[in-house]
Structure formats: structure tokens, C-alpha cells
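Protein chains in written order, with my numbering: chain A, 1 to 275; chain B, 1 to 237; chain C, 1 to 424; chain D, 1 to 347. Each remark here refers to the structure printed beneath this line.
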Amino acid sequence: MVENPYLPKLAKIEAIKEETVDTRTFKIKILDEKVRNSFNFTPGQFVELTVFGYGEAPFSITSSPYEHENFSITVRRMGNVTRGLFRLKEGDIIGVRGPFGRGWPIEKIKGNDILIVGGGIGLAPLKPLIEYIILQRRLFNNVILFYGAKTPKDIIYKELFDIWKQYINVELTVDFAEKDWGGHSGPVTVLFKNFKLESNNIYSVQCGPPIMMHFVTRQLLSMRMEPEKIYFSLERNMKCGMGFCGKCMTGGRYVCREGPVFNYSEVKNFLETPV
Amino acid sequence: MNKIRIGIFSLSSCEGCIVQILNLEDILLNLLKKFEIESRILGTQNRTESYDIAFVEGSVMSIDEEMELKKIRRMSKFLVALGECACHGGNFLVRDFNVGEILERFPGSETWYSNPIDRYVRIEYYIPGCPIDKEEFFTVFKSLLLEKFPEQISNTVCSECILKENNCLIDKGIACLGSITRGGCKAICPTFNRECYGCRGLSDDANVEGLLQTFKEKNIEPPTHLTLITRREGRKT
Amino acid sequence: MSHELIEVKGVPKVEGAVDVVVKLVNDNFKVEVRAREGIRLLERLLIGKSYKEIPFIVSRMCGVCPIVHNITSVQALEKALSIEPYEDAKSIREAMVIGGHLQSHLIHLYLFTLPDLVGKKNILEILEGKEELVKTVLRLKRVANHITDTLGGRAVHPITPTVGGLTRYPSKNILETLLMESTLFKKTLREVLEPILEAEIPKFENRTQYLSLHDSRYPILEGKLSVSNEIFFEQEEYENIISYLNEEYSTARHYLINGKPYMVGALSRLNNNYSQLCDDAKEYSRKYRISFPSNEPFVNIKAQAIEMIHLADKIVDILEELTSKPLKQENIKYNIRPGEGVSISEAPRGTLIHHYKVDESGKIIEANIITPTAQNYKSIEECLQNYLTTLIGEKLNTISKEVEKLVRAYDPCVSCSARFLREH
Amino acid sequence: MPIFLDRIMKYYQLIGPVKTEKGVSFEYVSECDKVDLDYLGHTVLPPKKFFFPPIEEMFAYEYDETGNLRIYDFLEEVSKGMRVIVGVKPCDISSLLVLDKVFTGEYNDPYYTTRRNNTLVVGLTCNKPKEYCFCTYVGSGPSIKKGFDLLLSDLGDMYLVEVGSEKGWKLTKFNLDIFNEAENEDIKERERILLEVEEEIRKKGLPNFATIDKVLVERFLDRIWDDYSRKCLACGKCNFTCPTCRCFTISDEPNPDLKSGKRFRIWDSCHFLSFTKVASGEVFRKDRPSRFKQRIYHKFVYSINEIGSISCVGCGRCIEVCPAKINILDVLKEVIVGGKSVSAKVS
Ligand SMILES: Cc1cc2nc3c(=O)[nH]c(=O)nc-3n(C[C@H](O)[C@H](O)[C@H](O)COP(=O)(O)OP(=O)(O)OC[C@H]3O[C@@H](n4cnc5c(N)ncnc54)[C@H](O)[C@@H]3O)c2cc1C
Ligand code: SF4
Ligand code: SF4
Ligand code: SF4
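Take a look at the structure:
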């Protein structure tokens with residue numbers, strides 16, 4: 001019988017870490033050793049995660065591509081699947097399909113300056129890229145991370161920023177600052193105030209709410225960044241992850257299979273405006 | 001593990017929706033055994049202080065019922081509106097009266113209103129239909145046990161009608177409302193050659209103007225209750 | 001001087017919300033049966049509506065017996081338009097109604113009443129030890145529902161009955177399947193009747209008047225009216241015989257004949273039509289020594305069981321007849337014209353009256369619906385008053401239980417009855 | 001023909017057009033004389049429902065006592081038994097060829113492909129078009145060159161049978177006693193009938209679809225779309241009746257024991273508001289024109305990139321079933337005629 005790509009591979013929740021009130025990181029281990037060993041991904045790719053009885057939803061892989069035994073996802077509680085996932089404990093069984101999609105264009109961006117822009121949970125698919133860059137630091141030039149969250153409490157991966165800061169530039173901002181917040185406040189675009197394009201050899205990668213990506217892209221274009229160097233990861237409703245169900249189709253392209261990472265020159269000719 | 005506690009309550013209604021639950025003959029016994037189900041009709045009420053899931057059928061037509069409903073809400077983790085009476089204050093057919101006129105003609109009558117239950121309390125889920133579809137009820141029921149809320153059905157009756165390979169009644173000059181009505185009933189009325197009269201309420205993006213236009217082009221007189229449905233759901237036309 | 005003795009709030013295991021209050025007024029019991037369901041203004045709603053919408057609306061009066069409401073209104077409207085559908089359509093409707101009666105009786109007898117009869121609180125307690133019985137009852141109920149489902153489109157609030165005939169006729173295949181199922185029903189029914197027919201019921205007589213249809217066949221959808229087989233009158237004359245009365249304490253209207261309470265329901269039907277029963281039904285009533293006419297209100301329960309035997313027989317006959325020849329799948333053509341029509345039928349809980357006046361455009365200008373339970377209220381009250389005198393000396397708790405039982409024996413359907421607006 | 005069908009039924013499950021109370025629809029048949037090969041035009045639902053059913057169980061899961069989870073794949077059921085579907089018109093065969101391309105490629109959809117592999121297609125050329133047929137314009141009828149195992153043509157007193165595959169050949173080889181070698185005249189007769197049908201369809205005078213994608217791209221922001229979507233009831237019938245539409249949604253249903261359950265896939269429609277809704281509540285095609293356009297652009301523009309051709313097979317079903325009687329041909333004509341860059345070539 002043919003291999004059925006719709007069947008989730010069983011996996012175990014190895015560890016759960018609380019990031020914020022409504023966001024947790026789940027460390028996942030695929031049970032079957034053969035499957036586990038063949039599970040390779042590019043940063044920016046995602047898995048379809050099944051919580052049995054609740055359904056299936058796409059989540060970006062957030063662990064470093066160098067981690068082999070396990071992989072991780074960071075999940076914000078939204079609806080059924082995520083609520084079901086939050087009810088699970090370490091050791092419980094879930095299902096995994098994937099990895100799916102096209103990740104960040106690592107080969108292309110090597111040797112260049114890189115501007116990484118993340119918003120909210122959108123940092124999740126960027127984390128493996130950042131970790132790759134840090135591990136291969138000499139392959140990249142200047143690297144800047146702009147990250148925005150709603151409030152200081154909503155910042156994910158808090159403990160990692162200090163480590164990251166040793167290797168790359170990191171700037172944080174929050175929409176709604178609280179008293180003891182010393183940093184920037186306002187949408188991510190405020191971080192662009194002190195930012196100048198110094199060369200043409202710069203790529204930008206971003207992931208966040210559609211509205212953030214819209215304004216950041218406008219900003220970058222106005223700074224004359226080349227459209228094919230502006231990358232982002234799109235979020236769409238997706239069920240199968242393989243370009244069959246038709247739900248994620250945007251401008252004739254399947255976000256799940258051909259994306260979720262696109263560059264601006266690809267999408268600017270889409271009939272539907274994707275960001 | 002404690003048994004999951006289910007309450008089934010009835011306010012002003014025809015009790016058709018509860019009868020639909022009793023009509024789940026094949027699984028009723030299993031449900032009764034597996035869960036602690038309380039309902040007046042089964043004679044099993046007043047044993048618990050709290051419910052994991054409460055289903056409320058019927059609309060609110062008196063202060064007593066309002067108080068009862070609020071009490072049920074306080075005792076329940078999830079509250080589900082069962083049927084059109086509870087979801088929308090009654091099948092529009094049963095609710096069409098001009099309040100002003102009635103008050104004028106019968107001064108002093110205090111019990112003329114018939115309100116959906118979400119006017120008084122928060123509702124976790126709606127099961128529309130007059131009566132409810134028993135299979136839909138069962139699906140929702142199963143999901144709620146997992147604290148999962150199935151997506152509210154957003155397709156139209158038409159899309160279920162075509163799956164039955166029916167011939168469209170509009171082509172025969174009959175004023176069917178399937179195209180603007182929320183599906184989930186498996187298009188049972190058109191399947192039995194009767195126009196859908198919109199008992200499940202308007203669909204997500206119901207194009208009422210468009211349907212009226214179609215009726216006009218085909219010389220079909222729109223049913224009088226169409227305005228009642230749209231008025232009930234606070235839409236124009 | 002009056003003071004409240006007992007109040008049963010929300011009698012369990014009946015259809016709809018009803019309270020019973022027993023007061024002591026000058027040393028006499030006074031019983032009030034108070035419907036608590038919201039007034040649903042049904043007749044008022046019908047005015048100005050097209051005749052086509054009426055059957056949909058009236059079936060929403062009651063979720064337990066929607067079919068008979070629906071079809072009675074269709075018949076009344078047909079009379080108003082002076083038409084009569086073809087025999088086959090009428091037979092199919094009758095089969096539907098019988099399916100409805102059977103499921104209603106099954107619910108009443110086994111879900112509501114059986115616990116009383118065997119001293120249990122509810123069906124759950126019966127399950128322990130009698131699971132097979134309950135399973136069989138549910139199987140029977142499924143067949144009864146399947147009959148209405150397939151013929152009517154849906155067991156609750158049927159779809160197909162329409163003025164002039166039916167919107168969709170069943171295929172021969174379907175009728176044959178139903179015939180098979182109902183033959184099985186007829187056989188299986190025998191297995192579950194014993195606990196009801198054998199059960200001990202309180203010995204209590206209450207002489208009253210019994211109203212039902214009366215016909216050469218056992219009446220369901222047609223016939224004259226009979227009061228205890230003494231007074232006979234035509235359907236159209238009902239307003240001259242039956243008078244109404246509003247009570248402050250109830251949302252339902254109350255009715256009288258000759259100024260006195262009367263009873264409707266299975267007991268009345270059997271009292272007035274015993275000889276028209278099928279042989280099997282008669283044999284069962286002989287075997288279990290239940291004789292008619294009877295003046296014992298609790299016998300209503302047994303009457304329903306006996307009636308089920310007859311109805312199960314009848315439905316097999318109808319389906320045999322329908323499958324024995326090609327089916328006429330056609331509706332009567334008609335023109336809309338002004339008119340007035342009364343149709344009276346036997347609903348599971350008793351005599352049901354629908355009366356409409358239609359104008360030249362087919363709009364309703366007058367409507368009157370009298371439901372069985374509304375007619376029974378006064379009888380229930382009178383009966384309770386008498387019953388209570390036999391219970392003097394018992395504990396209050398026991399008395400309330402007995403009150404509940406008697407109310408349930410009448411098989412009241414409160415949501416049907418509570419639909420009039422207080423017109424002061 | 002009945003003899004042939006009868007023999008097929010000995011070894012295969014037979015699917016064919018059957019007259020029902022409401023018209024003709026493809027159904028499993030148990031008595032071969034129920035098969036109606038004279039049906040006009042097309043059935044309400046296309047044969048895709050036998051390859052991609054409206055609701056399909058994908059797998060079941062169950063926790064055993066020890067807490068281990070087992071998955072039962074319903075694909076195992078699907079792969080059992082061989083079927084023959086008879087009486088498939090060329091437009092519907094073409095649609096299967098479209099779906100073949102959609103459901104294979106980088107990934108394969110096993111539910112669809114298994115059913116395809118298990119099912120022999122016995123086609124039937126079209127002798128008379130129905131009111132809304134326009135296959136000739138999109139090159140999918142009234143006859144077809146591939147995609148069938150056998151292809152029948154009704155010549156009045158007999159059927160001409162064309163063999164299209166090894167499997168089809170086997171089907172005839174074992175039944176040679178009821179076949180005769182076709183004569184040249186028979187073949188000519190078939191050509192004559194087909195030409196007649198083609199001519200009749202050509203009478204519709206539709207524009208050329210060859211460059212329709214370019215025109216559509218240019219007119220994405222046209223007022224036409226607003227006008228039509230005011231009429232469109234967004235009911236989704238066109239999607240469900242279209243032989244090439246295949247969007248679906250997936251949903252899980254637990255059993256009341258909470259230890260087991262099933263996953264289903266269910267047809268979905270790009271006309272529904274919920275189609276593009278994500279958890280944050282955002283809906284990517286909120287306005288009706290954008291949804292109205294999605295179906296048309298997917299069929300006539302995006303599809304070219306996706307599978308190398310448009311994915312409309314000209315059966316006319318969507319026109320016939322639309323309660324608002326929106327005619328996709330009118331829409332396309334209006335786009336072309338109204339277009340500035342392409343001269344309106346109405347042949
Ligand atoms: C490529 C991709 C990567 C993602 N990565 C992450 C991540 O790393 N962390 C995270 O928290 N969230 C991520 N999301 C969003 C996440 O998929 C949704 O939050 C999730 O689907 C919500 O599911 P639910 O069942 O809890 O919500 P519900 O609202 O109950 O969703 C119901 C169904 O709709 C579908 N659906 C709803 N929203 C979305 C959505 N936004 N995207 C796709 N399908 C949806 C799902 O299939 C789901 O079964 C990602 C989405 C995409 C497309
Ligand atoms: S929604 Fe309809 S069936 Fe349900 S209780 Fe109300 S009137 Fe009866
Ligand atoms: S009959 Fe009614 S529900 Fe069915 S397709 Fe036509 S309009 Fe829609
Ligand atoms: S077809 Fe229409 S009226 Fe009939 S049950 Fe469905 S929504 Fe209600």
C-alpha cells in the first residue's frame with residue numbers, strides 16, 4: 001500500500017516550558033526511530049501537529065536545526081487544537097506531519113547583512129534561523145534583530161536575548177510599555193528610526209502579524225531595499241500542508257507548499273495582496 | 001473519575017429539541033449510563049449543584065425563566081443554546097408579533113416577549129435549527145466533552161442541497177431560502193420538496209439583497225417571513 | 001379562609017412545565033393546575049399569515065405530537081378551501097400520525113409512567129435489572145420514529161404534509177421497508193406490554209364525561225364527536241357544546257361541556273369506541289381484565305397500552321394496502337378562495353380541534369385551536385380534589401407523590417396548552 | 001450492453017448513471033438494467049464523488065488500556081475491491097485528468113490515487129449537448145482521446161467501443177463473443193455524430209478561451225466583479241457540483257469514550273466566509289467579490305501555472321445549478337468584450 005502522508009507520526013511531548021501566560025514551548029520527540037532520524041528541516045519550515053480528537057494545526061519549528069533527538073514548537077493558545085495541546089502533560093502522545101514548506105533562504109543570505117524583524121509569536125520561526133546564524137556566525141555579516149511584543153509580559157524566549165546579544169544586535173520594543181520597562185515602546189517600525197541601509201548587500205526576513213509585515217515592508221521599500229531581498233513568512237488557514245486542500249492559496253500560490261516564506265518580488269505580482 | 005454531569009433544561013418551548021435528543025435511541029442508553037444526565041423530562045433533576053455542560057432549550061418569556069436561566073448559568077461550566085427558541089428567541093414563525101400592537105390591544109400583558117437566552121447570559125455554543133438536528137447535537141456533545149468547540153457551521157443549506165442532488169426549487173418558481181440560510185440540517189426541507197424557510201437563521205455572509213433580486217427576476221414572491229428573519233438578526237432589507 | 005397545603009413545582013416527567021397547588025379553602029380541597037410555560041400567542045400569530053405557513057407554525061406548539069397538529073391544521077385548511085386530497089395521500093398521512101402516536105405513547109408509558117408503576121424514580125433506576133426491556137422499548141421507538149421520519153421528512157416538525165396532499169411521496173421500496181419494520185413492531189410490542197398491563201394501579205373512580213371522536217372505524221383523523229356515547233355532534237358544532245374559561249393562575253385556557261369538566265385521551269377514546277378496536281386489542285384487554293367503559297382515571301395508562309396494539313395493527317394494514325397497488329403520487333389542484341374549516345382529530349393525548357377562517361387571498365382571518373391538555377385541566381383539578389379526599393391521613397410527602405402520579409396519568413402536554421393571551 | 005455490464009458485475013463493483021426521482025446520478029448499481037446510458041448532458045454531481053467523496057473518513061485513532069495510541073488507516077478499506085464506472089462523458093473524463101494532476105506531484109494524495117487505480121473508466125461520447133454545455137470550447141468534448149479504459153459511442157443499434165488502455169483491452173478480450181470488429185462506416189458514423197454535436201455547441205458563439213487568463217489578469221480590479229458578486233449568493237453550489245473543484249477541510253471527531261475518534265475530510269467551498277479564516281479571527285477574503293473571483297481565477301488563471309491548463313471542462317453544471325443563474329460564460333464574455341487590450345473575437 002502507498003505511504004499515506006496524511007497519517008500523523010506519533011510523537012511524545014518531552015518537555016513543556018511556559019513562555020508567557022498564553023504561550024508555551026513544547027519539546028517533541030518522534031517515537032519511531034527511523035522517522036526521527038529522517039526528520040530534517042530548514043529554519044522557517046513548519047509541522048502539522050495533531051492533538052488527537054481536537055484536530056490538526058500548523059506550527060513553525062523553533063528549535064535549532066542542529067538539535068537531533070527532539071524538535072520544539074512554540075504555541076500560543078488560540079482555539080481548539082491549541083487549547084487541546086495546553087491540556088496535555090509531558091509524556092503525552094501527539095501526532096506530527098512534516099516538515100512542510102520552504103524555509104528561509106539560508107544559502108542566498110550567507111555573506112550578507114541581515115535584518116530580522118519579528119512580532120509576537122512570529123519570533124518562533126525566526127529562532128532557528130537566529131540560532132543557525134549564531135552557530136555559523138562567520139558566514140554572515142552584520143545581523144540585527146528587531147522584535148516587538150504587545151507588552152513586556154508577552155515577550156517570548158526572554159532568557160535567550162542576552163545570549164543572542166553577544167553575537168548579533170538586538171532591539172526590543174513593546175506596544176504598551178509598563179512602568180519598569182526601560183526600552184522602546186511603540187510598533188516595531190519605531191526601531192527603524194535609527195536604522196539606515198548601509199549597503200545593498202542586505203537581506204531582511206520577517207514574521208509577525210499581517211499588519212506588522214505590511215508596514216515593515218513599506219518601510220523597507222521606501223528605504224530602497226530590493227524587493228527580492230525582502231522575505232517574509234505568511235500565515236494562512238492550512239489543512240493538508242501539501243497544496244491539496246486549497247485553503248492557503250493566495251494569488252494562485254500554495255502558501256503551505258510554495259511558502260510560507262516568500263520574497264516581496266514574488267508576491268508583488270500576486271493578484272491578491274498578501275501583506 | 002467523576003462522571004461528567006450534563007444538565008438539559010427547558011424554558012418556553014415546544015420541547016421538540018429535547019424530543020430530538022430522546023430520538024437518539026441507539027445511543028441514548030449508553031449516554032445515560034456513561035454520564036450523569038439531569039432533566040425534568042427524564043425525572044432525574046435536582047441531584048447536583050453544578051454541571052459540566054448545560055443545554056438550554058426554549059426562550060425566556062418571564063421573569064421566573066430569566067432567574068432560572070441565570071441560576072443555570074451560575075451552575076454550569078459550558079452553556080449551550082439548543083434550538084431556535086434559545087438561539088434566536090424562537091422560530092421566527094413563532095415569534096412574529098408586533099409588540100407595540102399587542103400591548104395596545106391587550107394592555108397589561110407582561111409576558112409577551114420571547115427573548116434568546118444570550119440576552120441574559122453568556123453562551124458558549126449555539127446549536128440552531130427548529131428542531132435541532134440530532135446528529136449535529138451529538139457531534140457538538142462529543143466535542144464539548146473534550147472542551148472543544150466545533151466550528152459553528154458556516155456553509156449554506158444550498159451547499160448541502162446539492163449534495164443530495166436535488167433539483168433547485170427556485171427553478172420551479174418556489175421561494176426557497178436555502179442560499180442565505182446556515183446549513184447543518186442536510187437540506188432536509190428541499191430534499192422533501194419543500195422550500196427552506198430559513199429556520200436555522202442567516203448564514204455568515206447571507207446575500208439577502210441578491211436573493212431578493214433573484215426572486216424578482218423570476219417573478220417569485222418573497223415569503224413574508226424573510227423580513228422577520230432579517231429583522232430578527234438585525235440586518236437590513 | 002384559604003391556605004396552601006401542597007405545592008408541586010414543575011411536575012417531573014411530563015411534557016412542559018406545570019405546577020400543582022393544593023389549597024384548603026373552608027375545609028375543602030381546592031386544586032389549581034398551573035401551566036407555567038410562557039404564553040406563546042400562537043393563534044394571534046396566525047392571523048394575517050398565508051394559509052401555507054400555518055402547518056409549519058402550529059406544529060411548533062408541541063414537540064411530542066407535532067405531526068397530528070400539523071396534519072389537523074392541513075385538514076382544516078383543506079376544508080376551508082373545500083378540497084379533499086386523494087385517498088393515498090390521506091393514508092400516508094394517517095400512517096405518519098400513527099407513527100407519532102406510537103412514539104408519544106412509548107415515551108409516556110415507559111419514560112414517564114413506568115417508574116411510577118414499579119416504584120422507581122426514573123428510567124435510570126429501571127435500567128438496573130430491566131435493561132432488556134428499556135432496550136426493546138427504544139428499538140420500538142426508533143421504528144415509530146422511522147415511520148414518521150421517512151414519510152414526513154422528520155420525526156419532530158414534519159415537512160411533507162401540505163394542503164392538497166404531500167410535498168413528496170415515498171417510493172414503493174420505502175413503503176415496503178416500512179411495512180417490514182412495522183410488522184416487526186407489531187410483534188415486538190407484545191414483549192414489552194406486560195409490565196404496563198399487569199401493573200397495580202391505585203383503585204380510584206371519578207365519574208366524569210368523556211369526549212372523543214367516534215366513527216365506524218377506530219377514529220384518528222376523522223369522525224363525529226361523542227360525549228360518553230350519549231351526546232353526538234358534528235365537528236362544526238363544537239363551539240356550541242364546548243365552552244371555555246380563563247383562570248388567573250394559569251397560562252392555559254380551561255374548557256367545559258355542559259358547565260362541567262370532561263376528560264379527553266386514550267381512556268375517552270376507548271370508552272367511546274371499544275367495539276371498533278381490532279381483535280387483538282380486545283383480547284388483550286380481556287386477558288388483563290381491563291374493561292371499558294371505565295371511570296378510573298389511572299386506567300388511562302392501560303388504555304394507551306391497549307390502543308398501541310390497535311394502532312400497530314392498523315399501521316400494518318395501511319402499509320399493506322399502500323404497497324398492494326400503484327401509489328397515486330399526486331396532489332389535488334385547487335384555487336384559493338375564502339372559507340372556513342374545522343378539523344378535529346385524536347392526538348395522542350386526546351381530542352384536538354383546529355378551526356380557521358381564510359380570506360380570498362389565502363390569509364388567515366380567524367383561528368382557534370383547542371388542545372387536549374387544555375381540555376383536561378378542569379378534569380385534572382376535579383379529579384385531584386376527589387383523589388385527595390381518599391388520601392387524608394397520609395404523609396404530605398406521599399400525598400405530593402400521588403398528586404404527581406395522577407397528573408402524569410393524564411399525560412398532560414403543557415406546552416401545547418399554554419398559548420392563549422390573557423384577555424381581560 | 002446489459003450482457004456486458006452483467007459480466008462486469010461478476011468481477012467488479014459497477015457504478016453507472018441511474019435514473020432517480022430527481023434526474024440522473026452516478027450510483028453503485030446492483031441490477032445492470034438500472035444503468036441509463038441514454039442520459040442527456042450530465043449528472044447533478046460529477047463522478048468525482050466516487051474518487052473524492054463529499055465526506056471521507058481518513059483514519060481512526062484509539063488509546064488502548066496501556067495508554068498507547070493506535071491509528072487505523074481507512075485507506076485500507078479504500079484499496080479493497082475493483083470498480084468499473086460506466087457512462088462517463090468526455091467532460092467528466094477530462095475533469096478526472098485535471099484532478100490527477102492536482103492530486104499528484106511533489107506529494108500524492110493516496111485516497112484519491114488509490115481509488116483512481118482501483119477504478120476502470122468506461123467513457124461515453126456525447127450524442128446531444130444540453131443547454132449549458134460548452135465542452136468544445138475548452139477542448140474536452142464531445143469526444144476524448146485519453147483518460148478512459150474503454151470509450152463507448154452510441155450508434156443507435158449498437159455501441160462502438162474504443163479501447164484506451166491495457167486494462168480496457170483485457171475487459172474486452174475476455175468477452176470477445178459479444179464484440180464485433182468495427183467497420184470503417186461505423187467509425188465514420190461516430191465522426192458524423194460528434195461533428196453534429198460540435199456544430200451545435202459552436203452555435204453558442206463563445207469567445208476564444210486561449211488567452212482568457214491574460215485578460216483576467218488585467219481585469220482583476222474591474223467593476224464587473226462587484227456587479228456579479230452583488231448577485232452571487234455565495235452558496236457554494238457551483239463548487240460542489242464542479243467536477244474539478246476539490247478544496248476541502250479536515251476535522252476531528254472524538255467518540256464519547258474520549259479515548260478514540262476519527263478524522264474526516266469534508267468538501268469545502270472558497271465562497272464561504274470561513275474558508276480563509278485563521279485563529280486570530282482574520283479572514284483573508286472577507287468581501288464577496290474576492291471570493292467570487294477566487295473560483296474563476298483558480299480555474300482560468302492560477303490553474304495554468306499549477307497544472308498547465310485551465311481547469312474548466314465545459315460541462316455547464318455550475319450554470320445549471322446556480323440559484324441566481326449566474327452564467328460563467330456571461331461573466332467571461334463580459335470580461336473579454338469589456339477588455340481593452342484584447343479585441344473581442346466572438347467566433
Ligand atoms: C505556516 C504557519 C506557521 C505557524 N506557526 C505557529 C507557531 O509557531 N506558533 C503558533 O502559536 N502559531 C503558529 N501558527 C498559527 C497557528 O497555526 C494557529 O494559531 C492555530 O492553527 C490555531 O489553531 P486552533 O485549532 O487552536 O484554533 P482554531 O481557531 O480552533 O482553528 C481551527 C482550525 O482552523 C485552522 N486555522 C485556524 N487558524 C489558523 C492559522 N492561523 N493558520 C493556519 N490554520 C489555521 C486550523 O487548521 C485549525 O484546525 C502558524 C500558522 C501557519 C500557517
Ligand atoms: S426550537 Fe423549535 S423544536 Fe426546538 S423547542 Fe423551539 S419550537 Fe420546539
Ligand atoms: S432548492 Fe433551495 S436549498 Fe436547494 S439549491 Fe435551491 S435554493 Fe438552495
Ligand atoms: S432546510 Fe431550511 S427550514 Fe428546513 S431544516 Fe434546513 S434550515 Fe430549516
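For each residue, glycine too, the CB sits at the ideal point set by N, CA and C.
On the criterion of 16 or more Cβ atoms from any shown chain inside 10 Å, does residue i qualify as buried, or is it exposed?
i         : result
C:Gly-393 : exposed
A:Trp-104 : buried
C:Gln-209 : buried
C:Arg-40  : With a pLDDT of 49 at C:Arg-40, under the threshold of 50, the modelled position of that residue is not reliable, and the figure given next carries that caveat. Its Cβ being crowded by 16 or more others within 10 Å, C:Arg-40 is buried.
A:Leu-135 : exposed
A:Pro-99  : buried
C:Leu-106 : buried
D:Trp-225 : buried
A:Ser-222 : exposed
D:Tyr-302 : buried
D:Val-78  : buried
List, in order along the chain, the chain A residues whose C-beta lies closer than 8 Å to that of residue i?
i         : result
D:Asp-64  : None at all; the shortest Cβ gap to chain A is about 11 Å.
D:Lys-277 : Asn-237
Mind pulling the chain B residues with CB within less than 8 Å of residue i?
i         : result
A:Asn-169 : Here the premise fails: no neighbours, minimum Cβ distance about 43 Å.
D:Cys-232 : Asn-207 and Gly-210
D:Asn-255 : Lys-142
Please name the residue, chosen from the options, that lies closest to residue i on a Cα-to-Cα basis.
i         : options                                       : result
A:Trp-181 : A:Asn-200, A:Lys-193 and A:Ala-149            : A:Ala-149
D:Pro-243 : D:Pro-254, D:Lys-325 and D:Asp-92             : D:Asp-92
B:Glu-249 : B:Thr-191, B:Ile-117, B:Leu-28 and B:Cys-87   : In the structure displayed, chain B extends from 1 to 237; residue 249 of chain B sits before or after that span and is not available.
A:Gly-208 : A:Phe-146, A:Cys-256, A:Gln-166 and A:Lys-239 : A:Phe-146
A:Arg-137 : A:Lys-239, A:Gln-166 and A:Gly-118            : A:Gln-166
C:Lys-187 : C:Val-143, C:Leu-211, C:Ser-228 and C:Ser-226 : C:Val-143
D:Pro-323 : B:Gly-129, B:Arg-200, B:Cys-161 and B:Ile-8   : B:Cys-161
Can you list the residues of chain D that residue i reaches, using a CB-CB cut of under 7 Å?
i         : result
B:Pro-69  : In the sequence on display, residue 69 of chain B carries Leu and not Pro. Residues of chain D passing the Cβ test: none, with the nearest at roughly 27 Å.
A:Arg-257 : Glu-106
A:Met-242 : Tyr-107
Check the Cβ of residue i against every Cβ in chain B and list those closer than 9 Å, keeping chain order.
i         : result
C:Ile-107 : Val-19, Leu-22 and Ile-41
D:Lys-130 : The contacting residues do not exist; D:Lys-130 stays about 14 Å from chain B at best.
Report back the beta-carbon spacing between residue i and residue j to the nearest angstrom; my notes put them in contact at under 8 Å.
i         : j         : result
A:Ile-116 : A:Val-261 : Not confirmed; about 13 Å, so no contact.
C:Ala-409 : C:Asn-272 : So it is not a contact: roughly 19 Å between Cβ atoms.
In chain A, which residues lie with their C-beta within 7 Å of the C-beta of residue i?
i         : result
D:Tyr-375 : Here chain D comprises residues numbered 1 to 347, so residue 375 of chain D is not present and cannot be evaluated.
Residues of chain D with CB under 8 Å from residue i, in chain order?
i         : result
A:Lys-247 : Cys-247, Thr-249, Asp-268, Phe-275 and Thr-276
Quick one: complete beta strand (DSSP E) runs, 3+ long, within the segment 40-116 of chain A? With a minimum length of 3 residues, the continuous beta strand (DSSP E) runs that stay inside the segment 40-116 of chain A are 46-51, 55-60, 71-76 and 93-100.
Segments assigned alpha helix (DSSP H), at least 4 residues, entirely inside the segment 24-86 of chain D: 75-78
Start-end ranges of the alpha helix (DSSP H) lying completely within the segment 140-189 of chain B, minimum 4 residues: 157-163
Segments of 4+ residues assigned as alpha helix (DSSP H) that fall wholly inside the segment 302-330 of chain C: none
Kindly provide the ranges of any beta strand (DSSP E) runs that are 3 or more residues long and lie completely inside the segment 155-238 of chain C, ordered along the chain. 209-214, 224-227 and 231-233
Would you list, in sequence order, the uninterrupted beta strand (DSSP E) runs of no fewer than 3 residues that lie entirely inside the segment 230-289 of chain D? 248-254 and 260-267
Which runs of the beta strand (DSSP E) at least 3 residues long sit entirely within the segment 215-252 of chain A? Give them in chain order. Within the segment 215-252 of chain A, the complete beta strand (DSSP E) runs of at least 3 residues are 230-233.
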